[in-house]
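Throughout the sequence shown, residue numbering follows the numbering used here, covering 6 to 205 in sequence. Cβ coordinates follow ideal geometry from the N, Cα and C atoms, glycine included. No experiment lies behind these values; they were computed from the predicted model shown. Step one of this worksheet: look at the structure below.
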Amino acid sequence: MKFDVLLTGVGGEGVLTAQVVIARAADLEGYFVRGVQLHGLAQRGGSIPTMVRFGDEDEISSPGIMQANANLVLAFEPLEAVRAVYYARQEKTIFVVDDHPYVPIYSRLLNIPYPDISEVKKKIAPFAKEVHIFSARKTAKEEFGNPIFGNTILLGAASGLGVLPLKEESLRKAIKISAPRELEKNLAAFEKGLTIVCEK
6 MKFDVLLTGV GGEGVLTAQV VIARAADLEG YFVRGVQLHG LAQRGGSIPT MVRFGDEDEI
66 SSPGIMQANA NLVLAFEPLE AVRAVYYARQ EKTIFVVDDH PYVPIYSRLL NIPYPDISEV
126 KKKIAPFAKE VHIFSARKTA KEEFGNPIFG NTILLGAASG LGVLPLKEES LRKAIKISAP
186 RELEKNLAAF EKGLTIVCEK
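This is the structure in C-alpha cells:
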C-alpha cells in the first residue's frame with residue numbers, strides 16, 4: 006500500500022501544520038512515512054506545495070511525489086489547486102479544495118481577473134477523478150472566529166469523504182500533538198469538517 010498526498014496553499018493558511026498532522030497520524034498507524042516541506046516559500050502569501058507519502062517501506066523510495074501520481078490533493082486556496090494539476094491524473098487523483106481565494110496583490114494592481122470557483126473547477130476536472138469544494142475558511146471564521154482553522158476543517162472534510170485513508174482517531178491524536186495552541190478549536194474544526202461533507 007502506498008498513498009501520496011499533495012497539500013498546497015499560500016503562506017499563513019496552515020498548510021505545513023496540516024502536512025505534519027497527516028504525517029503524524031500515518032506514523033501512529035505504523036506506516037512508513039516520508040515527506041517534503043518547501044520552507045523557503047512559506048512566507049505569508051507565498052505558494053507552498055508540500056508532500057506526504059505513507060504506506061509500505063518497500064514502495065516509497067523518495068519523499069517527493071512524481072508527476073501525475075498524487076492520490077489526493079488538499080488545496081487550501083483555489084488557484085493553488087490549478088497549479089497542482091501537474092501532480093494529478095484523472096484515473097486516480099481526488100481534489101479537496103477550499104473555495105476561499107487569496108487574490109495576489111499584482112492581480113489587483115494590474116487589474117488581472119482572478120478566476121471564479123466554477124472556472125477553477127473546470128480547469129481541474131480533466132486531471133481529477135473527483136473534485137470536492139468546501140467553504141472551509143469562511144466556515145472557520147464564522148464558527149471559530151479565525152479563518153486559520155480552515156486547514157483543520159479541510160482535513161476533517163477529507164477524512165469524512167473517506168478519501169484520506171487514516172483513522173479519525175489517529176488524526177485527532179496527531180492534531181493534539183501538532184497543534185496544541187487553540188487545541189479545543191482545532192478539534193472542533195476537525196469535527197466540523199467531518200460533518201460539512203453531509204451538509205453539501
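Within a Cβ cutoff of 7 Å, which residues of the same chain sit near residue 91, ignoring the five residues on either side of it in sequence? 72
Where are the beta strand (DSSP E) runs, 3 residues long or more, that stay fully inside the region 66-109, in chain order? 77-80, 99-103
Quick check on residue 186: does DSSP put it in helix, strand or coil? coil
Helix, strand or coil for residue 159? Go by DSSP, reduced to three states. helix
DSSP three-state assignment for residue 53, whether helix, strand or coil: strand
Identity of the residue in 108, 11, 138, 186 nearest residue 69 by Cα: 11
Do residue 175 and residue 23 have their C-beta atoms within less than 8 Å of each other? no
Proximal residues to residue 132 (C-beta, below 7 Å), its chain only, five neighbours per side dropped: 90, 93, 94, 95, 98
Going by the DSSP bridge assignment, what does residue 13 pair with across the sheet? 54, 80
Please report the straight-line C-alpha distance between residue 47 and residue 19, rounded to a whole angstrom. Because the pLDDT at residue 47 is just 49, under 50, the model does not fix this residue reliably, and the point stays unresolved.
Cut-off 7 Å between Cβ atoms - residues of its own chain near residue 203, not counting five sequence neighbours on either side: none
Simplified DSSP assignment, three categories, for residue 117: coil
As a quick exercise: from 190, 56, 27, pick the residue whose alpha carbon is nearest that of residue 148. 190
For a test of the three-state rule: what should DSSP assign to residue 136, helix, strand or coil? strand
Going along the chain, which residues of its own chain have a beta-carbon closer than 8 Å to the beta-carbon of residue 184, five neighbours each way excluded? 22, 26, 157, 191
Identify whether residue 178 lies in helix, strand or coil by the three-state DSSP scheme. helix
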